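A.B. asks:
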Amino acid sequence: MRFDEGAGLDTSEVDDLRGGGGGIGSRVALGGGGLGIVGVIIYFVLSQIGGVSPSGAGSLGELGAGQQVSNGSLAQECRTGADANANHDCAIVAIVNSIQDYWSDQFARSGRTYRTAQTNFFSGGVRTGCGSATSDVGPFYCPADSEVYIDLSFYQELRTRFGAEGGTFAEAYVLAHEYGHHVQNLLGTSRRVGNETGPTSGSVRLELQADCYAGVWANHATTTPSSTGRPLITEVTQDDIDRALDTASRIGDDYIQSNLGGGHVDESQYTHGTSAQRERWFTTGFQTGNPARCDTFGTNNLG
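Counted the way numbering that gives the first Met the number 0 counts, the sequence shown spans residues 0 to 302.
Below, the structure written as structure tokens:
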């Protein structure tokens with residue numbers, strides 16, 4: 000994956016909360032509307048092995064007040080695609096810009112208005128409109144404040160804990176999934192889903208649709224122009240797609256429960272779909288490039 004070295008970046012779409020004095024939170028954004036790529040699965044696994052308490056009131060203490068946005072460094076370091084090619088934080092900024100440029104254009108084509116959503120970098124814990132959360136829940140989208148939250152150390156955890164190959168495009172898939180939830184929130188899809196779990200539950204359908212939306216963006220990534228008229232992303236290779244699919248395979252309900260939860264798979268607790276399903280729906284979005292093909296709620300065959 001490569002970025003156009005001369006294209007401009009918009010750091011206003013990212014807030015950097017790292018080092019803001021927030022401390023570590025204990026109330027996971029579960030049951031408060033938080034939607035994450037792996038968060039609820041990890042929460043389930045950790046609750047089974049004693050990592051967090053099911054009530055969300057763990058032993059780490061409340062998240063402290065006073066987190067502050069400090070975007071000076073991002074604004075100085077992340078100005079062009081050349082910076083994105085050289086600096087990891089800038090690459091994430093560029094990815095966020097590209098995803099939101101695509102959805103803004105797609106909404107306009109369908110006669111709707113897309114509202115941009117902030118991505119928040121945090122470390123350890125964070126307060127959100129969905130409550131406080133620790134890094135244990137993974138990246139997530141909060142419908143209550145329409146923002147995305149990510150501790151960037153999650154990407155390292157994908158490689159070391161989940162065994163994923165990783166790479167910039169695999170990281171882009173994670174963010175595109177979260178912005179898929181933002182699209183669902185704007186379209187009202189999220190309101191159709193409660194807290195039910197299971198292999199055909201609304202929760203699973205919502206997550207698989209977000210995977211599909213991520214694939215749709217991936218299809219258009221190299222042709223979506225930025226505000227300056229130039230696509231931020233110039234190259235997406237087959238290796239990039241393979242790495243995204245590898246990541247999808249490592250964060251299915253069955254894989255995580257089996258490999259991180261003691262080997263027992265409980266389908267009644269499925270919230271995100273199996274590894275095969277996540278790969279299938281990302282592929283559907285990528286191959287078609289059409290959000291209309293992501294109707295996971297209108298099919299009896301989720302894969």
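Where a beta carbon is used, it is the ideal one built from N, C-alpha and C, also for glycine.
The structure displayed is predicted, hence computed values, not measured ones.
Might you give, ordered along the chain, the residues of its own chain that have their beta carbon closer than 8 Å to the beta carbon of Tyr-140, omitting 5 neighbours on each side?
C.D. replies: Excluding residues within five positions, the ones whose Cβ falls inside 8 Å are Gly-33, Leu-34, Gly-35, Ala-116, Glu-146, Val-147, Tyr-148, Glu-177, Tyr-178, His-180, His-181, Asn-184.
A.B. asks: Can you grab the Cα-Cα spacing for the pair Ile-240 / Arg-249, in whole Å?
C.D. replies: 14 Å
A.B. asks: Quick one: Cα of Gln-155 to Cα of Ala-90, how far?
C.D. replies: 15 Å
A.B. asks: Pick helix, strand or coil for Thr-221, following the three-state DSSP scheme.
C.D. replies: Note: Thr-221 maps to coil in three-state DSSP.
A.B. asks: Please report the distance separating the alpha-carbon of Pro-224 from that of Val-215.
C.D. replies: 15 Å
A.B. asks: Within 10 angstroms of the Cβ of Gly-201, are there 16 or more other Cβ atoms? Answer buried if so, exposed if not.
C.D. replies: buried
A.B. asks: What did DSSP end up calling Thr-118 once you bin it into helix, strand or coil?
C.D. replies: strand
A.B. asks: Buried or exposed for Asn-299, please, with buried defined as at least 16 other CB atoms from any protein chain shown within 10 angstroms of its CB.
C.D. replies: exposed
A.B. asks: Select from Gly-71, Pro-142, Thr-236 the residue whose C-alpha is nearest the C-alpha of Phe-2.
C.D. replies: The shortest Cα separation from Phe-2 among Gly-71, Pro-142, Thr-236 belongs to Thr-236.
A.B. asks: Roughly how many angstroms lie between the CA atoms of Thr-196 and Ala-217, to the nearest whole one?
C.D. replies: Distance between the alpha carbons of Thr-196 and Ala-217 is about 28 Å.
A.B. asks: Would Thr-167 be called buried (16 or more neighbouring beta carbons within 10 Å of its own) or exposed?
C.D. replies: With 16 or more other Cβ atoms from the protein chains shown falling within 10 Å of its own Cβ, Thr-167 counts as buried.
A.B. asks: Using a Cβ-Cβ cutoff of less than 6 Å, which residues in the same chain neighbour Tyr-113 once the five nearest sequence positions on both sides are dropped?
C.D. replies: Trp-102, Ser-103, Phe-106
A.B. asks: Does DSSP put Phe-139 in a helix, a strand or coil?
C.D. replies: strand
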